[in-house]
Amino acid sequence: MSLQGKTAIVTGSGQGLGLAYAVELARQGAAVVINDVRQDVADAAVAAITDAGGKAVAVVAPVGSTETAQQLVRTAVETFGGLDILVTNAGVLRDKSLLKMTDEDFDVVIGVHLRGTFTCVREAYAYFKEHGVAGRIITIGSPTGQYGNFGQTNYAAAKAGIVGMVRTWALEMTKAGVTVNAVIPVAATAMTKTVPYFAAAVEADERGEAMPPFFRHDLGFGTAADVAGLVAWLASDDAASITGQAIGAGGDRLQIFSHPTAVVTEYREGGWTYDALREQFPTVAEGHLATVGETLPPLPDELKPQEDAT
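Start counting the sequence shown at 1; every next residue gets the next number (the working numbering).
Given below as structure tokens:
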């Protein structure tokens, strides 16, 4: 097993994607610190791992504060003797369009996703550096952070911010031999379960059947387990040279995202005045302006929800 003898923390791992990551890390040999805000959910996740022969312990606490981050690292060290891997998966949603979004809606999402990633990574990296551990940090981004999505100002800001922090941390952590990457998952979750477009895929998964190829291949949309392999591999010694990257996984698809880079560079002596921009910008920008959001292809007739199939 590739992670034998290593210890991992996975935040937000009581269920869903986080649980899939924790289960796969344990399957590869790592001892796992489970984290959730509900005791019964955390206990069930621990049982799922230990019943399969793995090692796991739970920390029931909301992610965001320095105190929780310290508790997670302390639990890993006291229970399993050290820490090698951190996966920052914990998150919440408060979806509303801009004019309906309250300060609290914004702050809660930023606090869990962005601040929670920051505090947990800071605490884990401090342990890695102090003890000479070539640790692995895997943060969790989202397509929303890459492309934007209607009604998710707070979530988009948090997920884009996580990728921005990853690029910075990769520079800061290189000398210590610590890698840090962002995984962009595309999988059936409680959120996608409510979207009619994905109904045929979610229903197939719930029946224990393979999702239709349209979803797995064309959309790169699959199960939580489809993403877990990438998380576990990035946590391994085999991925020691991979850092500062945003890598997507879903269904049958793997994607490596580029960092933002200029697609057009033009110079004008004397600078770009208002009048110069009015005259020249349409020509300079033609065919190069980025689109926002994801455009999903039409569903094949046989995969449309019943009410849309007519």
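Using N, Cα and C, we set each Cβ at its ideal position, and we do this for glycine too.
The alpha-carbon separation between residue 139 and residue 89 amounts to approximately 7 Å. Taking 9 Å as the cut-off, the Cβ atoms of residue 36 and residue 52 do not count as close. Residue 237 and residue 156 have their C-alpha atoms some 31 Å from each other.
CA-CA distance, residue 60 to residue 106, rounds to 24 Å. In the structure shown, residue 275 adopts helical secondary structure according to DSSP, grouped into three states.
The beta carbons of residue 211 and residue 229 sit no closer together than 9 Å.
Excluding residues up to 5 positions away in sequence, 85, 179 and 235 lie with their Cβ nearer than 6 Å to the Cβ of residue 136 in the same chain. Note on the region 216-248: there is no whole beta strand (DSSP E) run with a minimum of 3 residues. Taking the C-beta atoms as reference points, residue 243 is found no nearer than 9 Å to residue 165. Between residue 42 and residue 49, the CB-CB gap reaches or exceeds 9 Å. When the Cα atoms are used, residue 9 and residue 216 turn out to be separated by approximately 29 Å. Taking a contact as a CB-CB distance under 8 Å, the pair residue 202 and residue 224 does not count as one, their CB atoms being some 12 Å apart. Distance between residue 289 and residue 264, taken at the CA atoms: about 10 Å. Here the alpha carbon of residue 181 sits roughly 5 Å from the alpha carbon of residue 245. Residue 19: member of the alpha helix (DSSP H) spanning 16-27, first to last residue. The distance from the Cβ of residue 113 to that of residue 47 is about 27 Å, inconsistent with a contact at the 8 Å cut-off. Our two residues, residue 73 and residue 83, have alpha carbons roughly 7 Å apart in a direct line.
If you look at residue 56, you'll find it in the beta strand (DSSP E) that goes 56-60.
Scanning its chain for C-beta atoms nearer than 6 Å, with the 5 sequence neighbours on each side dropped, one finds around residue 142 the residues 159, in chain order.
In the structure shown, the three-state DSSP call for residue 268 is coil.
Separation of the CB atoms of residue 98 and residue 153 is rounded to 6 Å, and the pair is thereby assigned contact status at 8 Å. The beta carbon of residue 226 lies closer than 7 Å to those of 187, 249, 250 and 251 in the same chain, with the five residues before and after it left out.
If you draw a straight line from the Cα of residue 283 to the Cα of residue 146, it is about 27 Å long.
Residue 207 is classed as exposed because its beta carbon has fewer than 16 other beta carbons within 10 Å across all chains shown. The criterion of a C-beta distance shorter than 9 Å is satisfied by residue 11 and residue 63. Within a 10 Å sphere around the beta-carbon of residue 260 sit fewer than 16 other beta-carbons, which makes this residue exposed. The continuous alpha helix (DSSP H) containing residue 77 extends over residues 66-80. Residue state for residue 36 is assigned as strand, using DSSP reduced to three classes. Beyond the five residues adjoining it in sequence on each side, residue 297 comes within less than 8 Å, by CB distance, of 218 and 219 in the same chain, given in chain order. Distance from the Cα of residue 161 is smallest, within the candidate group 117, 195, 247 and 123, for 117.
Secondary structure note for residue 255: its beta strand (DSSP E) is the uninterrupted segment 253-257. Of 39, 32, 103 and 101, the smallest CA-CA separation from residue 80 is found for 32.
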